[in-house]
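*Asks:* My questions will all concern the structure given below.
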Amino acid sequence: MKVCVVGYQGDVEEHIQTLRSLRRRDVVAVRARRLSDLDGCNGIIIPGGESTTIYRLTVESGMYRRIVEMAESGTPVMGTCAGLILISKETFDERVRGMGLLDVKTRRNAYGRQVDSFIREIEIDSIGNFMGVFIRAPIIEDAGSAKVLASEGGRPVMVLQKNVLGMTFHPELTGDTRVHEKFLNMIEGEGYISTGTHGGEGE
Ligand code: GLN
Numbered sequence: 150m151k152v153c154v155v156g157y158q159g160d161v162e163e164h165i166q167t168l169r170s171l172r173r174r175d176v177v178a179v180r181a182r183r184l185s186d187l188d189g190c191n192g193i194i195i196p197g198g199e200s201t202t203i204y205r206l207t208v209e210s211g212m213y214r215r216i217v218e219m220a221e222s223g224t225p226v227m228g229t230c231a232g233l234i235l236i237s238k239e240t241f242d243e244r245v246r247g248m249g250l251l252d253v254k255t256r257r258n259a260y261g262r263q264v265d266s267f268i269r270e271i272e273i274d275s276i277g278n279f280m281g282v283f284i285r286a287p288i289i290e291d292a293g294s295a296k297v298l299a300s301e302g303g304r305p306v307m308v309l310q311k312n313v314l315g316m317t318f319h320p321e322l323t324g325d326t327r328v329h330e331k332f333l334n335m336i337e338g339e340g341y342i343s344t345g346t347h348g349g350e351g352e
């Protein structure tokens, strides 16, 4: 399967390296910069970085619209940090219009200067303890109909809605591949929560 990482800016290489570190012969991780790079992608990752920049460049290349179409026709999409902002329904910032792939409202840079960036152990549904690396992270103000998979400080930090996964932290910076493995499960059609454990999910 081909996993495309939107490759304009931000943690692009880190996502690609995390996927490659799994050493799975059936997984090809590529950097997508042109619209045609999305052809044949079985899964799309929108990385952390600067959401206004990623927004502008994806709109200019046509990737923004294509990602919406692909997600709506079932292609799994994962957005981390700035990537989550892009796939949200509401961003409260017209420089980053949300794709509306997740029924969530996110607010950019909402932790404020004092707690700009921090690392905190979080507990993720079906994964367990995970190192949450938060860098100028957005806050999910309202998770809407999305299923909350992890919370921190009483707020959702990871959500799932059908084929779309979003988180405010950076799993690609931890050396821990479990979140990416869940995303590969989704691409393989097993869903985030593999069949045989909890059954259905995120509906
Ligand atoms: N603060 C960034 C933004 O709003 C997101 C930060 C990140 O992706 N680490 O674009």
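Per the numbering used here, the very first residue in the sequence shown carries number 150; after that it's consecutive. Virtual Cβ for every residue (Gly too), placed ideally from N, Cα, C. Just so we're clear, the structure is a prediction, and the values are computed from it rather than from any experiment.
Indicate the three-state DSSP secondary structure (helix, strand or coil) for SER222 in the structure shown.
*Replies:* coil
*Asks:* Over the uninterrupted alpha helix (DSSP H) stretch that includes SER200, give me the two end residues.
*Replies:* 200–210
*Asks:* Should SER210 go down as buried or exposed, given a rule of 16 or more other Cβ atoms within 10 Å for buried?
*Replies:* buried
*Asks:* Does the distance between the C-beta of GLY197 and the nearest non-hydrogen atom of the ligand GLN fall short of 7 Å?
*Replies:* yes
*Asks:* Quickly, what does DSSP pair PHE318 with across the bridge? List them, please.
*Replies:* Looking at the DSSP assignment, PHE318 forms no beta bridge with any residue, so it has no partner.
*Asks:* By the 10 Å Cβ neighbour count, where 16 or more other Cβ atoms means buried, how is VAL264 classified, buried or exposed?
*Replies:* exposed
*Asks:* Looking only at its own chain, which residues have a Cβ that is under 8 Å from the Cβ of GLU199, when we skip the five neighbours before and after it?
*Replies:* GLN158, GLY159 and ALA231
*Asks:* Which whole-angstrom value is the C-beta distance of LYS254 and SER237, which I expect to be below 8 Å?
*Replies:* 7 Å
*Asks:* Taking the alpha carbon of LEU298 as the point to measure from, which residue in ASN278, ALA286, ILE194 and PHE283 has its own alpha carbon closest?
*Replies:* Sorting ASN278, ALA286, ILE194 and PHE283 by C-alpha distance to the C-alpha of LEU298 places ASN278 at the top.
*Asks:* Regarding THR201 and the ligand GLN, is the C-beta to nearest heavy atom distance less than 7 Å?
*Replies:* yes
*Asks:* Have a look at ASP188, MET316, CYS190 and ILE284 and flag the residue whose alpha-carbon is nearest the alpha-carbon of LEU251.
*Replies:* MET316
*Asks:* Cβ-heavy atom distance between GLY159 and the ligand GLN below 7 Å?
*Replies:* yes
*Asks:* With a threshold of 7 Å on Cβ separation, who are the neighbours of GLU272 within its own chain once the five nearest residues in sequence on each side are excluded?
*Replies:* ASN278 and ALA299
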